[in-house]
Ligand code: ITT
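Numbering (my numbering), first residue to last: 445 to 648.
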């Protein structure tokens with residue numbers, strides 16, 4: 445992908461409908477909650493439209509690939525997130541490969557796999573990173589980023605959220621992301637911080 449021209453964050457595209465270009469229901473819930481005040485009609489990815497393969501080598505490339513492909517295919521603005529968990533003791537892994545870590549079949553297996561890798565490891569520092577791209581059918585792009593640092597527990601706690609949420613306690617809190625509601629997670633999470641900038645750019 446060569447979409448390197450990003451619009452300033454006060455770009456004035458008028459938006460009524462936006463396709464949420466993700467196959468992850470947890471992200472859909474977070475987008476919907478965070479963007480409610482904008483009054484945009486957020487549309488799910490149609491069932492017969494597949495997400496592109498993530499062949500990029502950065503969050504930005506993968507988020508652009510997802511948003512641009514869907515915006516071009518559907519002729520509507522599209523919103524995508526590429527995100528991941530970077531673990532200090534694993535030299536930043538799994539990073540952009542977080543969804544595929546260990547070739548595990550689901551989130552529960554992935555969390556067990558991560559805990560095994562960190563067994564007897566005293567350095568539990570980790571960071572979630574998110575790049576959100578809003579792409580327009582004419583090829584214009586807006587890009588927003590957010591990061592949150594925290595620590596990984598030795599076992600899962602909480603039932604909400606998705607992915608690595610049951611293991612991650614953000615700095616400044618004692619609860620994992622999975623012990624927070626979507627509303628509580630937003631102000632401190634990587635995706636919430638990226639979406640806050642999008643909201644500000646669009647007058648929300
Ligand atoms: P789409 O590409 O369809 O949006 P995905 O889940 O495959 O869905 P990514 O490629 O961006 O999305 O992978 C991000 C992975 O990082 C995600 O599957 C989780 O394992 C993890 N992750 C990202 N944000 C997270 C969050 O807020 N809470 C927990 N885990 C998160």
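Glycine residues also receive a C-beta, built at the ideal position from the N, C-alpha and C atoms.
Cβ-heavy atom distance, residue 505 to the ligand ITT, below 8 Å = For the purposes of this step, residue 505 is taken as the residue at position 61 of the chain shown. Outside the cutoff, so no.
ask   = Can we say the stretch 463-474 touches the stretch 509-517, given the rule of at least three CB pairs closer than 8 Å?
value = Flag = yes, the stretch 463-474 and the stretch 509-517 touch.
message = Going by DSSP in three states, residue 493 sits in which element: helix, strand or coil?
response = Within the chain shown, residue 493 is the residue found at index 49, counting from 1. Three-state DSSP puts residue 493 in coil, outside helix and strand.
request  = Please report how far the alpha carbon of residue 459 lies from the alpha carbon of residue 597, in whole angstroms.
outcome  = Mapped onto the chain shown, residue 459 falls at position 15. Mapped onto the chain shown, residue 597 falls at position 153. Distance between the alpha carbons of residue 459 and residue 597: 41 Å.
task = Could you check what DSSP says for residue 514 in three-state terms: helix, strand or coil?
result = Position 70 of the chain shown, counted from the first residue, corresponds to residue 514. If DSSP states are grouped into helix, strand and coil, residue 514 belongs with the helices.
ask   = Grouping DSSP H, G and I as helix and E and B as strand, with all else coil, what is residue 577?
value = Stepping through the chain shown from its first residue, residue 577 is reached at position 133. The answer is strand: DSSP assigns residue 577 an E or B state.
query = Could you check where the alpha helix (DSSP H) with residue 554 kicks off and where it finishes?
reply = If you number the chain shown from 1, residue 554 lands on position 110. Segment 551-561, the alpha helix (DSSP H) holding residue 554.
task = Enumerate in chain order the residues of its own chain whose CB-to-CB distance from residue 616 is below 8 Å, with the five nearest sequence positions on each side excluded.
result = For the purposes of this step, residue 616 is taken as the residue at position 172 of the chain shown. Correct list, in chain order: 632.
task = Look at the alpha carbon of residue 545 and the alpha carbon of residue 606, and state the distance between them as a whole number of angstroms.
result = Against the chain shown, residue 545 aligns to sequence position 101. Against the chain shown, residue 606 aligns to sequence position 162. Distance from the CA atom of residue 545 to the CA atom of residue 606, rounded to whole angstroms, is 15 Å.
inquiry  = What would DSSP say about residue 642, mapped onto helix, strand or coil?
reply    = By one-based count along the chain shown, residue 642 stands at place 198. Looking at residue 642 - three-state DSSP - the assignment turns out to be helix.
request  = Using only alpha-carbon positions, find the residue among 475, 478, 481, 577 that is nearest to residue 503.
outcome  = Mapped onto the chain shown, residue 503 falls at position 59. When 475, 478, 481, 577 are compared, the shortest CA-CA separation from residue 503 is found for 577.
key: Cα-Cα separation between residue 588 and residue 563, rounded to whole angstroms   = For the purposes of this step, residue 588 is taken as the residue at position 144 of the chain shown. For the purposes of this step, residue 563 is taken as the residue at position 119 of the chain shown. Computed Cα separation, rounded: 34 Å.
task = Could you check if residue 491 is buried or exposed, using at least 16 other CB atoms within 10 Å of its CB as the buried criterion?
result = On the chain shown, position 47 is the one that residue 491 refers to. It is exposed - the Cβ of residue 491 has fewer than 16 other Cβ atoms within 10 Å.
ask   = Do residue 613 and residue 620 have their CB atoms nearer than 9 Å?
value = The residue labelled residue 613 in the question sits at position 169 within the chain shown. The residue labelled residue 620 in the question sits at position 176 within the chain shown. In contact: residue 613 and residue 620 (Cβ atoms closer than 9 Å).
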